[in-house]
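Asker: Going by the UniProt record's numbering, the sequence shown opens with residue 1, and the numbers climb by one from there.
Got a structure here, written out as structure tokens. Questions coming.
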Amino acid sequence: MRVLILGGTSDAIEITNKINQIPKIHAIASWAGRTKNPVMPLNVRIGGFGGVPGLVEYLREEKIDILIDATHPFADSISWNADAAAREVGIPRLLFHRPGWEKEPGDNWIEVENNREAAAILHKQGVSGQEQVFKNQIKRVFLTIGRQEIEAFAHLEKIWFLMRMIDPPAVDSKVPWGEILFKRGPFDLRGEREIFTQYDIDVMVSKNSGGNATYPKIIAAREMGIPVLMVRRPPLPPGEQVKDVEGVINWLANRYR
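Here it is as structure tokens:
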């Protein structure tokens, strides 16, 4: 049996390695190649497919029996392509969907649909007559959304941004005023506290990615009373879902034992 795992996350690495330990199952992981020097499992192909037609062609040529979508929760376009391709080829598709973070007592979240809405809220803080979301004037923001959508904040010239990412933004990207911090998770609570203190952060912008690797920033913001503009997850295609790595293994075992 041949399984294609659409990955790019630490969960996908674990899933691929565990599936390859199962007799008679061969797992291939696919990474989009957007991150330089990524941590990857064995049996990896790098690069996109070229939309639904390209993925359909690959599934047929490689005689893939099962498609597992273990991409990032915000890689929704890939998930929709995977759904369409699996239906066209006629193979099962499983979505690995790790749970998002839940708001807890002490959290001060302002939930938004996307980064543009988050930027609009920050912009309103400096406009006279607008309803104020935050108690104090926002001067310094911790931007933890990666590198691909930072342009949404580039027009906010009165706000200084600390932008954490793994790789540099594209050469032609409009980068907000501030500093870029190149770091790869997982992150620890002590380090996150130090960032908020050292850079005198007023607000954090975060995607609700879920998982443990970056959750310490949420704890630190809670402890320090720092508001968080939390970007909600985009809708994903319907179908069979599991929320943890063990669920993937059990799904395979129950379906093909």
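From the three backbone atoms N, C-alpha and C, an ideal C-beta is built for every residue, glycine too.
What ranges does the beta strand (DSSP E) occupy inside the stretch 42-127, keeping only unbroken runs of at least 3 residues that lie completely in it?
Answerer: Whole beta strand (DSSP E) segments, 3+ residues: 44-46, 66-69, 93-96 and 109-112.
Asker: May I have the straight-line CA-CA distance separating Lys24 from Pro99, to the nearest angstrom?
Answerer: Cα to Cα, Lys24 sits roughly 30 angstroms from Pro99.
Asker: Taking only the alpha-carbon atoms, compute the straight-line gap between Val228 and Glu111 and give it to the nearest angstrom.
Answerer: Rounded to the nearest angstrom, the two C-alpha atoms are 8 angstroms apart.
Asker: Taking just the CA atoms, how far does Glu151 sit from Val171?
Answerer: Cα to Cα, the separation comes out at about 12 angstroms.
Asker: Closest to Ile219 by C-alpha separation, out of Leu236, Asp188 and Ile166, would be which residue?
Answerer: Closest by alpha carbon: Asp188.
Asker: Below 8 angstroms between beta carbons: does that hold for Val205 and Leu156?
Answerer: No, the Cβ-Cβ distance between Val205 and Leu156 is not below 8 angstroms.
Asker: Would you decide whether Ile5 is buried or exposed? Buried here means 16 or more other CB atoms lie within 10 Å of its CB.
Answerer: By the 10 Å Cβ count, Ile5 comes out buried.
Asker: Considering only residues of the same chain and omitting the five flanking positions on each side of Ala12, which have a CB-CB separation below 7 angstroms?
Answerer: Same-chain partners within the cutoff: Ile5, Ala29 and Ala70.
Asker: In the structure shown, what three-state DSSP assignment does Val141 receive?
Answerer: Note: Val141 maps to strand in three-state DSSP.
Asker: Express the C-alpha separation of Lys158 and Val242 in angstroms, rounding to a whole number.
Answerer: Each residue's Cα considered, the two are about 43 angstroms apart.
Asker: Quick check: the stretch 133-142 against the stretch 242-253, are there 3 or more CB pairs under 8 angstroms?
Answerer: Contact between the stretch 133-142 and the stretch 242-253 is absent, because fewer than three Cβ pairs lie under 8 angstroms.
Asker: Hey, would you say the C-beta of Ala170 is under 7 angstroms away from at least one heavy atom of the ligand MN?
Answerer: With respect to the ligand MN, the structure shown offers nothing to examine, as it has no ligands at all.
Asker: I believe Ser79 touches Leu59 by the beta-carbon criterion, under 8 angstroms. Please report the beta-carbon distance rounded to the nearest angstrom.
Answerer: Going by Cβ atoms, the distance from Ser79 to Leu59 rounds to 15 angstroms, so no, they are not a contact pair.
Asker: Between which two residues does the alpha helix (DSSP H) containing Val203 stretch?
Answerer: Not the alpha helix (DSSP H): Val203 falls in the beta strand (DSSP E), residues Val203 to Lys207.
Asker: My understanding is that Ile66 touches Val3, with C-beta atoms under 8 angstroms, so please give their C-beta distance in whole angstroms.
Answerer: Rounded, the Cβ-Cβ distance is 5 angstroms, consistent with contact.
Asker: If I measure Cβ to Cβ from Pro169 and keep anything under 7 angstroms in the same chain, skipping five residues before and after, which residues do I get?
Answerer: Around Pro169: Arg147, Ile150 and Val175.
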